[in-house]
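The next block holds one structure in the form of structure tokens; read it before the comments.
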Amino acid sequence: MSPRRSVAEALGTRAAILDRSVAIASNDGLEGLTIGRLAAELAMSKSGVLGHFGSKEALQLAVLGRADEIFRAEVWEPARSATPGLTRLRVLCEAWISYLERQVFPGGCFFTAAAHEFDGRPGPVRDAVESRFDAWRDRLGKEIRRAVAAGDLPEDTEPGLLAFELLGLAMALNHAVQLHRDPRAATYARQAMRARLGHTPTH
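Once you know that position 126 of the sequence shown is 123 in the working numbering, the rest is easy, because the numbers rise by one and skip nothing.
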């Protein structure tokens, strides 16, 4: 076997482990991930699974990274080409709602679940979850500030407050979809976010 093929196969195996881990953790939490369960489901040895990560914590961090890639592909990429500011913010919000409505992760928003699981548990996993929420809040804040500068949102708009409100609406949608199975939830979220962002500017 050539070194190049060996590396490619190792990367493929790692990707398969991560994808299965994301599916498990979405429903059962990051603590629900066990090396034994992954080994059994992937028809691998425990040492074979562990050899790709080194520890359960390293696996959890890698799973967070993979979940972040999926979130970015679902929510950020559709908005990347949109005009910065309010237009992009609206596209982001619609993609965000769609991501939750379609239940891209079987257990709902991966990071909301991870935050509930680790918010009171100091350590690298909690820090990784927090940093991803910080990055997303910063992204929302940047687009809000651009919209204010362009005159598309009122001058007295507080970016931090509006980002907080949008995050709250998304978490309420996730809760309504996952816990209550409310078929009206996405419609309510769209109406609420559109109302908060105002009408389409005419200038």
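Just so you know, even glycine gets a beta-carbon here, dropped at the ideal spot from N, CA and C. Remember, it's a predicted structure, so these values are computed and weren't measured experimentally.
For residue i, report the span of its alpha helix (DSSP H) as first-last.
{"i": "SER78", "result": "Here SER78 belongs to no alpha helix (DSSP H), and DSSP marks it neither H nor E."}
{"i": "GLY104", "result": "Run containing GLY104: none; DSSP gives neither H nor E here."}
{"i": "HIS172", "result": "156 to 172"}
{"i": "THR31", "result": "Where THR31 is concerned, there is no enclosing alpha helix (DSSP H), given that its DSSP letter is neither H nor E."}
{"i": "PRO180", "result": "Here PRO180 belongs to no alpha helix (DSSP H), and DSSP marks it neither H nor E."}
{"i": "SER95", "result": "83 to 98"}
Rounded to the nearest angstrom, what separates residue i and residue j at their Cα positions?
{"i": "ILE265", "j": "PHE50", "result": "Limits of the chain in this structure are -2 at one end and 200 at the other, which puts residue 265 out of reach."}
{"i": "TYR185", "j": "ALA169", "result": "10 Å"}
{"i": "ALA76", "j": "ILE141", "result": "14 Å"}
{"i": "LEU61", "j": "VAL126", "result": "8 Å"}
{"i": "HIS200", "j": "ALA147", "result": "Confidence at HIS200 is low in this model, with a pLDDT of 36, below 50, so the placement of that residue is unreliable and no value is reported for it."}
{"i": "GLU162", "j": "ALA37", "result": "43 Å"}
{"i": "PHE108", "j": "ASP16", "result": "16 Å"}
{"i": "GLY33", "j": "LYS53", "result": "11 Å"}
{"i": "PRO198", "j": "LEU35", "result": "Any answer about PRO198 is weak, because its pLDDT of 41 lies below 50 and its placement is not dependable; what the coordinates show is given next. Cα to Cα, PRO198 sits roughly 51 Å from LEU35."}
{"i": "PHE68", "j": "ALA132", "result": "12 Å"}
{"i": "GLU150", "j": "ALA12", "result": "Sequence inspection shows Leu at residue 150; the Glu mentioned does not correspond to that position. Whole-angstrom Cα-Cα distance: 42 Å."}
Applying the criterion that 16 or more other CB atoms from any shown protein chain within 10 Å of the CB defines a buried residue, is residue i buried or exposed?
{"i": "ARG193", "result": "exposed"}
{"i": "PRO156", "result": "buried"}
{"i": "ASN171", "result": "buried"}
{"i": "ILE14", "result": "buried"}
{"i": "LEU56", "result": "buried"}
{"i": "ARG85", "result": "buried"}
Margin query: Does the stretch 32 to 46 come into contact with the stretch 115 to 122, if we say contact requires no fewer than three beta-carbon pairs (one atom in each stretch) closer than 8 Å?
Written below: no
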